[in-house]
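J.: The sequence shown runs contiguously to residue 612 in our numbering. Glycine included, each C-beta is placed from N, C-alpha and C at the ideal position. All of these numbers come straight from a predicted model, not from anything done at the bench. Next up is a structure, given as structure tokens.
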Amino acid sequence: SGNPEEGELRPQLLDRFGMHAMIRTERDPDLRVQIVDSCQKFADDPKGFRKEFLEDNQEFANQIIVARANLSKVKIPEGLTRKISMICSTLNVDGLRGDIVTNRAARAFCAFDGRTEVTDDDVKKVVSLCL
């Protein structure tokens, strides 16, 4: 499950995940109440709950479809690729998976944003998810 209370994942399993996100428990009481209310709304009427977010979800899905179609057009400057490799090397990242995943994630983020050339900002937004 990736739950830290269950212990660390074995290295050979961990190596299968290119990206990760740290999920923490929400501390804001107002947001916690909103989450609980949303869970109850879903439990009471799953179809109605999904319908409430249908337009936003469709817009998001369309953005992903366009990004996937344009991904092959996205280029990452060689200097930026070198910079990613330098970061991985400095952090003593084992193997090349960190380099590869960070390059791929930066390209995907750039495509999702509707652009065709990766920038430093793209790398900054994804690097902590990749290493």
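Grouping DSSP H, G and I as helix and E and B as strand, with all else coil, what is glutamate 598?
T.: strand
J.: How far does the alpha helix (DSSP H) with glutamate 536 in it extend, from its first residue to its last?
T.: 535–551
J.: Would you call valine 517 buried or exposed, if buried means 16 or more other Cβ atoms sit within 10 Å of its Cβ?
T.: Valine 517 comes out exposed.
J.: Buried or exposed: where does glycine 579 fall if 16 or more other Cβ atoms within 10 Å of its Cβ makes it buried?
T.: Around the beta carbon of glycine 579, a 10 Å sphere encloses 16 or more other beta carbons of the protein chains shown; the residue is thus reported as buried.
J.: Grab me the residues of isoleucine 545's own chain with a C-beta within less than 8 Å of its C-beta, minus the 5 sequence neighbours each way, in chain order.
T.: The residues are Phe593.
J.: Taking proline 510 as part of the alpha helix (DSSP H), name the residues at either end of that continuous run.
T.: 510–525
J.: Looking only at its own chain, which residues have a Cβ that is under 6 Å from the Cβ of cysteine 569, when we skip the five neighbours before and after it?
T.: The residues are Gly579 and Asp580.
J.: Less than 9 Å between the beta carbons of glycine 624 and arginine 585, yes or no?
T.: Because the chain in this structure spans residues 482 to 612, residue 624 falls outside the shown range and cannot be described.
J.: Return yes when the Cβ of threonine 583 is within less than 9 Å of the Cβ of valine 604, no when it is not.
T.: Pairing valine 604 with threonine 583 gives a Cβ-Cβ distance under 9 Å.
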